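*Asks:*
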Amino acid sequence: MNRTILPILVVFVPVLACGNLPQDDPPQEPRVLVFSKTMGYRHASIEPGIEAIRGMGEAKGFAVDATEDAAVFESDTLESYGAVIFLSTTRDVLDVAQQDGFRRYIQAGGAFVGVHAASDTEYDWPWYGRLVGGYFSSHPNDPNVREGTVLVADPTHTSTSMLPSPWVREDEWYDLRDLAPDLHVLLNIDETTYKRPEEDPRPEPRPIAWYHPYDGGRSWYTALGHTSESFREPLFLEHLWGGIRYALGGEL
852 MNRTILPILV VFVPVLACGN LPQDDPPQEP RVLVFSKTMG YRHASIEPGI EAIRGMGEAK
912 GFAVDATEDA AVFESDTLES YGAVIFLSTT RDVLDVAQQD GFRRYIQAGG AFVGVHAASD
972 TEYDWPWYGR LVGGYFSSHP NDPNVREGTV LVADPTHTST SMLPSPWVRE DEWYDLRDLA
1032 PDLHVLLNID ETTYKRPEED PRPEPRPIAW YHPYDGGRSW YTALGHTSES FREPLFLEHL
1092 WGGIRYALGG EL
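Here it is, written out as structure tokens:
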């Protein structure tokens, strides 16, 4: 029997060592900047707040830098932060060049988180007033820290979904003025629960936390956080974490 012998074609496929394969860069850890410069009243809660945010960053996966040096707003360093947190800043904390740098950061898609006295800041800079969403007007005194009832206006947001409504807690309750018209309100305070009759409580709940897109970026603000105890309070910390998460784009 005749058999036809067919040639065998051997194909050599080069194999690359795994060490030579191109590798994607690991994702960069988000960074936030905590800015706490004060030119007026200085809250004792600032240092506990910084430590609480550092601990939050370790638990949630973002890096935290803290400074009171406003020169950072003039440098390219600001571009590396996913969000800038104004932690109970007071009065005029940025000069004109620093204001311009901060404006450019927001316009390039940056994010702002304001805590408590962030609304007691930069009264002569209308752009900032619209960014934070409103300015501090007053608060009760003698005592200034009182028990009050917070009502959740939006239970779906990442910074409020875990909160009870009503939420009874102690804080220094701000009256706020010049509220921006585009605010998405998250929390209201029932003034009748903490103001005495002679302090003229208003009949309607009043906004004390909100978010809104602004000038190319995004902004989240809470008037809570006057006391050092706030930064050991699990529900407040979850509220704050939700605001930071929103500012960072909700990716964490």
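Sequence positions in the sequence shown follow my numbering and run 852 to 1103.
Glycine residues also receive a C-beta, built at the ideal position from the N, C-alpha and C atoms.
Nothing here was measured: the structure is a model prediction, and the numbers come from that model.
What is the DSSP secondary structure of Pro1056, reduced to helix, strand or coil?
*Replies:* Coil.
*Asks:* Measure from the alpha carbon of Ser1012 to the alpha carbon of each residue in Asp1026, Leu1038, His1077 and Asp1029, then state which is nearest.
*Replies:* Of Asp1026, Leu1038, His1077 and Asp1029, the residue nearest in Cα terms is Leu1038.
*Asks:* Under a three-way DSSP split, which group does Gly965 fall into?
*Replies:* DSSP places Gly965 in strand when its eight states are reduced to three.
*Asks:* Just grab the DSSP bridge partners of Ser1070 for me.
*Replies:* The partner list for Ser1070 (beta bridge, DSSP) reads Phe963 and His1063.
*Asks:* Suppose the cutoff is 6 Å on Cβ atoms and the five residues either side in sequence are ignored; what does the same chain contact list for Glu919 look like?
*Replies:* So the qualifying residues of the chain are Ser887 and Lys888.
*Asks:* Among residues of its own chain, excluding the 5 on either side of Glu1042, which ones have a beta-carbon nearer than 7 Å to its beta-carbon?
*Replies:* If we look at Glu1042 and ignore the five residues flanking it on each side, its Cβ neighbours are Pro1052, Arg1053 and Arg1057.
*Asks:* Could you tell me which of Trp976, Lys1046 and Asp951 sits nearest to Pro991, measuring between CA atoms?
*Replies:* Selected option, being the one with the closest Cα: Lys1046.
*Asks:* By Cβ distance, which residues of its chain are closer than 6 Å to Arg981, with the 5 residues on each side in sequence left out?
*Replies:* Once the five neighbours on either side are set aside, the close Cβ partners of Arg981 are Ala1031.
*Asks:* Using the C-alpha atoms, what's the distance from Tyr979 back to Thr972?
*Replies:* If you take the alpha carbons of Thr972 and Tyr979, they lie about 8 Å apart.
*Asks:* Answer yes or no: do Ala917 and Ile901 have a C-beta to C-beta separation smaller than 7 Å?
*Replies:* In this structure, Ile901 lies closer than 7 Å to Ala917 by Cβ.
*Asks:* Taking Ile1059 and Leu1075 to be in contact with their CB atoms under 8 Å, please state how far apart those CB atoms are, rounded to whole angstroms.
*Replies:* Sure, about 7 Å apart at Cβ, within 8 Å.
*Asks:* Considering only the beta carbon of each residue, do Tyr1097 and Thr1009 sit closer than 7 Å?
*Replies:* Against a cut-off of 7 Å, the Cβ pair of Thr1009 and Tyr1097 comes out as a contact.
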